[in-house]
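Okay, so here's the structure we're looking at.
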Amino acid sequence: MEIQQVEGSLVCTQRVPGLHHVHLRVLRDARGKRVVATDPVGASPGNWVFVVSGSAARYAMGDARILTDLTVGGIIDHWEPDT
Amino acid sequence: MEIQQVEGSLVCTQRVPGLHHVHLRVLRDARGKRVVATDPVGASPGNWVFVVSGSAARYAMGDARILTDLTVGGIIDHWEPDT
Amino acid sequence: MEIQQVEGSLVCTQRVPGLHHVHLRVLRDARGKRVVATDPVGASPGNWVFVVSGSAARYAMGDARILTDLTVGGIIDHWEPDT
Amino acid sequence: MEIQQVEGSLVCTQRVPGLHHVHLRVLRDARGKRVVATDPVGASPGNWVFVVSGSAARYAMGDARILTDLTVGGIIDHWEPDT
Amino acid sequence: MEIQQVEGSLVCTQRVPGLHHVHLRVLRDARGKRVVATDPVGASPGNWVFVVSGSAARYAMGDARILTDLTVGGIIDHWEPDT
Chain F
1 MEIQQVEGSL VCTQRVPGLH HVHLRVLRDA RGKRVVATDP VGASPGNWVF
51 VVSGSAARYA MGDARILTDL TVGGIIDHWE PDT
Chain X
1 MEIQQVEGSL VCTQRVPGLH HVHLRVLRDA RGKRVVATDP VGASPGNWVF
51 VVSGSAARYA MGDARILTDL TVGGIIDHWE PDT
Chain S
1 MEIQQVEGSL VCTQRVPGLH HVHLRVLRDA RGKRVVATDP VGASPGNWVF
51 VVSGSAARYA MGDARILTDL TVGGIIDHWE PDT
Chain A
1 MEIQQVEGSL VCTQRVPGLH HVHLRVLRDA RGKRVVATDP VGASPGNWVF
51 VVSGSAARYA MGDARILTDL TVGGIIDHWE PDT
Chain R
1 MEIQQVEGSL VCTQRVPGLH HVHLRVLRDA RGKRVVATDP VGASPGNWVF
51 VVSGSAARYA MGDARILTDL TVGGIIDHWE PDT
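Taken in order, these protein sequences are the chains called F, X, S, A and R.
In terms of the UniProt record's numbering, the first sequence opens at residue 1 and continues consecutively.
In terms of the UniProt record's numbering, the second sequence opens at residue 1 and continues consecutively.
In terms of the UniProt record's numbering, the third sequence opens at residue 1 and continues consecutively.
In terms of the UniProt record's numbering, the fourth sequence opens at residue 1 and continues consecutively.
In terms of the UniProt record's numbering, the fifth sequence opens at residue 1 and continues consecutively.
In structure tokens:
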């Protein structure tokens, strides 16, 4: 699982069916690259989290048909980002 | 999910069976690299979108047997590309 | 789907079972890196193609048990490679 | 499978359901990048291990529904890290 | 499929169940990065091979429950490594 930091939420009105009621977070990795993840945990901006990719991302949402390839798996309590 | 910008459509007459009626978009990431994605949303050139990869890309098309590993998941309303 | 250019065919006599009658192509991406793909379309050296990765690569071969993680999905008619 | 070195364990109290009783390890690759993996083997800090990614990571945990995309597959007895 | 060169075998006594009787090879790519793969073909050190990743790696072993994400698919007879 990769380690990312929460930056904010995504404003996105036109989506594929099945994502209407899912929270989407914008994350940044240590290099500053932004990605989008589904979030069943409820992370806040500034939180460091670990994210699950691939088909496991769908299992984490409780429904393997959910359209996601990246899901927040947990909020890290103590962490020192890569330097 | 990665963040990409729509550049145009792909002209491709010789394809594997199962892709004849699927719209293919050419996208570019922040570094300028071009990739090809299926698009059930109807994105236009210039739009910033997020794309879903892996087996989730097939679920997003409504048929897990569709030959794709990248699908447009939504059009982003407000976005600031990586710099 | 990634965009690649066909370079040639692969000479490979010792293979795992299930690949004996499958055509294998050597492709190059824009950076010059060579990879190997199964080809149900019949691409020729010099053709620009898009390739499908992951489990979708197996569906594209018409048999999900085929040993491949990369399949030629179509030959691109008009294309401008990354510069 | 990638080769990684164990750095420590992850302190993470807010997690998705299904990860409550799974040990999470922090690993580092040869370039120093840290990732998070589930560990059914019991590796210790300093150990060099090989890790399995994707859906195989879930099979390695004995339950394909476990939320992981990276699992420690074995502890390497003799190894010379990349230089 | 990626192209790799066989370097040797892996000495690894503590493993997850299901890998006890599987041969593990250490491979190197053109950049010198080492990875670990299961080998049903019987490649020797110095051989150039192509490797299959993801869930196809498990199908290549004849048992989709085998813990692997990388399997040697074939030994390349003639090959010129990237320069």
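Glycine is no exception: its CB is placed at the ideal position from the N, C-alpha and C atoms.
All values derive from a computational prediction rather than experimental measurement.
**Message:** Relative to the C-alpha of S/ILE76, which candidate in X/LEU70, X/GLY42, X/VAL11 and X/GLN5 has its C-alpha closest?
**Reply:** X/VAL11
**Item:** DSSP-derived helix/strand/coil call for R/SER9
**Value:** strand
**Message:** Quick check on DSSP: helix, strand or coil for R/SER44?
**Reply:** coil
**Asked** Would F/ARG15 pass as a contact of F/VAL26 if the rule is Cβ separation under 8 Å?
**Response** no
**Contacts of S/PRO40 in chain X (Cβ-Cβ under 9 Å)** = VAL16 and PRO17
**Prompt:** By how many angstroms is the C-alpha of F/GLU7 removed from the C-alpha of X/THR83?
**Reply:** Its pLDDT being 46, under 50, X/THR83 is placed unreliably in this model, and the value from its coordinates should be taken loosely. The alpha-carbon atoms of X/THR83 and F/GLU7 are separated by roughly 15 Å.
**Request:** Pull up the distance between the alpha-carbon of X/GLU2 and that of R/PRO40, whole angstroms please.
**Result:** 35 Å
**Burial state of A/GLY62 (16 or more Cβ within 10 Å)** = exposed
**Prompt:** Run through DSSP, which three-state label would X/ARG58 get?
**Reply:** helix
**Prompt:** So, is the C-beta of S/VAL36 closer than 8 Å to a C-beta in chain R?
**Reply:** yes
**Prompt:** Counting contacts by CB-CB distance shorter than 8 Å, is F/THR71 in contact with chain X?
**Reply:** no
**Message:** Give me the DSSP bridge partner(s) of F/GLY74.
**Reply:** F/PHE50 and A/ARG15
**Prompt:** In whole angstroms, what separates the C-alpha of X/GLY74 from that of F/ALA57?
**Reply:** 18 Å
**Item:** Best match in A/PRO45, A/GLN5, A/ALA64 and A/VAL51 for proximity to A/ASP29 [C-alpha to C-alpha]
**Value:** A/GLN5
**Asked** Relative to the alpha-carbon of X/PHE50, which residue among F/PHE50, F/THR68 and F/ALA43 has its alpha-carbon at the smallest distance?
**Response** F/THR68
**Message:** By the three-class DSSP mapping on this structure, what secondary structure does A/LEU67 have?
**Reply:** coil
**Item:** Residues of the stretch 41 to 53 of chain S whose Cβ lies closer than 7 Å to any Cβ of chain X, in chain order
**Value:** VAL41, PHE50, VAL52 and SER53
**Message:** If we define contact as Cβ-Cβ less than 8 Å, is F/SER55 a contact residue for chain X?
**Reply:** yes
**Item:** Inter-residue Cα distance where the pair is A/PRO45 and X/HIS21
**Value:** 53 Å
**Item:** C-alpha gap between X/ASN47 and S/THR71, whole angstroms
**Value:** 28 Å
**Asked** DSSP three-state call for S/ARG28: helix, strand or coil?
**Response** strand
**Request:** Starting from X/ASP77, find everything on chain F with Cβ-Cβ shorter than 7 Å and list it in chain order.
**Result:** VAL11, CYS12 and THR13
**Message:** Per DSSP, what are the beta-bridge partners of F/VAL36 in this structure?
**Reply:** F/VAL26
**Message:** Rounding to the nearest angstrom, what Cα-Cα distance links S/ALA37 and F/PRO17 in this structure?
**Reply:** 33 Å
**Request:** Could you name the residues of chain S that residue 84 of chain R contacts, counting a contact when the two beta carbons are closer than 7 Å?
**Result:** Beyond the ends of chain R as shown, which are 1 and 83, falls residue 84 of chain R; an answer cannot be given.
**Message:** Can you pull the chain X neighbours of F/ARG58, defined as C-beta to C-beta under 9 Å?
**Reply:** SER55, ALA56 and TYR59
**Asked** Mind checking whether residue 108 of chain R and R/ALA64 have CB atoms under 8 Å apart?
**Response** The requested residue 108 of chain R does not occur in the structure, where chain R is confined to residues 1 to 83.
**Message:** Which same chain residues end up closer than 6 Å to F/HIS23 when comparing Cβ atoms and leaving out the 5 residues on each side of it in sequence?
**Reply:** ASP39
**Item:** Cross-chain neighbours of F/LEU67 in chain X, by beta carbon under 7 Å
**Value:** VAL52, ALA56, TYR59, ALA60 and GLY73
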